[in-house]
Every structure is written in structure tokens, then in C-alpha cells.
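Student:
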Amino acid sequence: LAKTTQPISMDSYEGQEVNITCSHNNIATNDYITWYQQFPSQGPRFIIQGYKTKVTNEVASLFIPADRKSSTLSLPRVSLSDTAVYYCLVGGGGGSYIPTFGRGTSLIVHP
Amino acid sequence: DSGVTQTPKHLITATGQRVTLRCSPRSGDLSVYWYQQSLDQGLQFLIQYYNGEERAKGNILERFSAQQFPDLHSELNLSSLELGDSALYFCASSVDAGRTYNSPLHFGNGTRLTVT
Chain G
1 LAKTTQPISM
11 DSYEGQEVNI
21 TCSHNNIATN
31 DYITWYQQFP
41 SQGPRFIIQG
51 YKTKVTNEVA
61 SLFIPADRKS
71 STLSLPRVSL
81 SDTAVYYCLV
91 GGGGGSYIPT
101 FGRGTSLIVH
111 P
Chain E
1001 DSGVTQTPKH
1011 LITATGQRVT
1021 LRCSPRSGDL
1031 SVYWYQQSLD
1041 QGLQFLIQYY
1051 NGEERAKGNI
1061 LERFSAQQFP
1071 DLHSELNLSS
1081 LELGDSALYF
1091 CASSVDAGRT
1101 YNSPLHFGNG
1111 TRLTVT
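In C-alpha cells:
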């Protein structure tokens, strides 16, 4: 099971771009990288998923370097409503997999 | 809206009691996962079912049990409740069996259990 490491907390201001990096040195060949967002007292919400290079959707971008040992979630022009905990998960690759959530990164966006 | 429905939203009960939490997965999803989230433990995986069969077990207490029914809804049963069982209980669903992870989880909004 690939272990992930991400910052415990980050602060930003409205309108700025926020990049949250997740390290996953022992990612397996077939593993995917998935990011979730969680607001207080709500279930986590899927944001984006990728395997390599770059993935972009209406909410965020995910950058994955060639060695895939890390990934960066990029949130463009954050607003106060982006204040949440962001989780990076790595897994799949065949065999039994249990989506395991770490402590995530608590992002606080200031006015 | 994730499409995953959990009931009830809130539950207050006394120590020693038994409760049942219910989850209806997103239409078309065959896998159901249960998670517990408390302030000091983060999101803890409890158990997973796929198409009615148990597929994976996490740190689920013996006092807790679950099942997935033919219509794919799932129930989590918590018995002999203790104060420490107070937490948010989330259900999530996904399309696949969990053997590959190219299918993300879709979470419900949880059941907040308070044991007094």
C-alpha cells in the first residue's frame, strides 16, 4: 500500500492559486492518484483523479511528474468556500485495495 | 449531490444500546464502504461490501457488523454502544470491487451518532 505524505495545513488568500503537494514514493505501476475535498460534517467529495502527466477539470488541475513519486493538486483562484481538508489517496494496481484516508491538508482561505 | 443516501442524519442514544445505520448507494454502484470519523482518529475504514459479499475489513469492532442486501443497500449495526462510539459514520459507494482504483468513491453526508 503506497503511503502518502502531505502538509498538515496551508493558508492562502482569496484569489490566489493554491498548490498542495502529496508525496508517494512507493507508488505502484498501476496505482491511480485521487484527491478528495471534505467540508466539516460532510462526506469527502471526489475532486480529481489521474495516472500521469496532467489532468484538468472544472474544479482543479492535477500535475503528476514522470516518476509519479509525487503529485500536486492545483486550485486556481481560491475563494473562502475552498476552505476544507484535502486528501490525497494512492492505490489500485490490482489485488485488494482499501481506500485509506490520512489526515489530509487543512486549507484555510483568508479574505 | 453524490447520490448516496444515509439515514438517519442524527442519532442520539444511550450506552449499551444498539442502532442501525442505513445506506443507499449511488445508482449503478455495487461497492459500499463504511467509514468512521471522530475528531481524534480521522476517517477510519470499517468494512466494504461488493454485490452482497464482504470484500474487506478494517478496524471494525466485534460489536459492529454490517451487511449488503440484494437491492444493494447496506446497513451498519452498532451494538453495546459506548461513549467512544460517538462519531460521524460515512457510507461511500463505487462502481468496482475495489481491486482497481480507477473508480472514485462517492460519499453520503453521514450519520452523526451521539452516545450519552
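Taken in order, these protein sequences are the chains called G and E.
Number 111 marks the last residue of the first sequence (our numbering); no jumps.
Number 1116 marks the last residue of the second sequence (our numbering); no jumps.
For glycine and all other residues, C-beta sits at the position ideal for the given N, C-alpha and C.
Report the CB separation of S1081(E) from T1015(E) in whole angstroms; it is logged as a contact under 8 Å.
Tutor: For the sequence presented, residue 1081(E) should be read as Leu rather than Ser. Yes, L1081(E) and T1015(E) are in contact; Cβ-Cβ is about 6 Å, under 8 Å.
Student: What first and last residue would you give for the beta strand (DSSP E) that runs through L1039(E)?
Tutor: Premise fails: L1039(E) is in no beta strand (DSSP E) and is neither H nor E.
Student: So, does the region 52-67 of chain G touch the region 1001-1018 of chain E, judging by three or more C-beta pairs under 8 Å?
Tutor: Because the criterion of three Cβ pairs below 8 Å is not met, the region 52-67 of chain G and the region 1001-1018 of chain E do not touch.
Student: Taking CB distances under 8 Å as the criterion, tell me whether Q1048(E) reaches chain A.
Tutor: Among the protein chains of the structure shown, namely G and E, there is no chain A.
Student: Please name the residues in the region 55-74 of chain G whose beta-carbon is closer than 8 Å to at least one beta-carbon of chain E, in chain order.
Tutor: The residues in question: there are none.
Student: Please compile the residues from chain E whose C-beta is within a distance smaller than 9 Å of the C-beta of S41(G).
Tutor: Going along chain E in sequence order, the residues near S41(G) (Cβ under 9 Å) are L1088, N1109, G1110, R1112.
Student: Using C-beta distances below 8 Å, list every residue in its chain close to G1108(E), excluding the 5 sequence neighbours before and after it, in chain order.
Tutor: Same-chain partners within the cutoff: S1002, V1004, T1005, Q1006, C1023, F1090, C1091, A1092.
Student: Let me make sure I understand the geometry here. Which of V109(G), P99(G), G104(G) has the alpha-carbon closest to that of G1058(E)?
Tutor: Here the closest residue by C-alpha is P99(G).
Student: For the candidate residues T1111(E), T1020(E), I1060(E), L1030(E), whose alpha-carbon lies nearest to that of Q1044(E)?
Tutor: Measuring from the Cα of Q1044(E), the nearest candidate turns out to be I1060(E).
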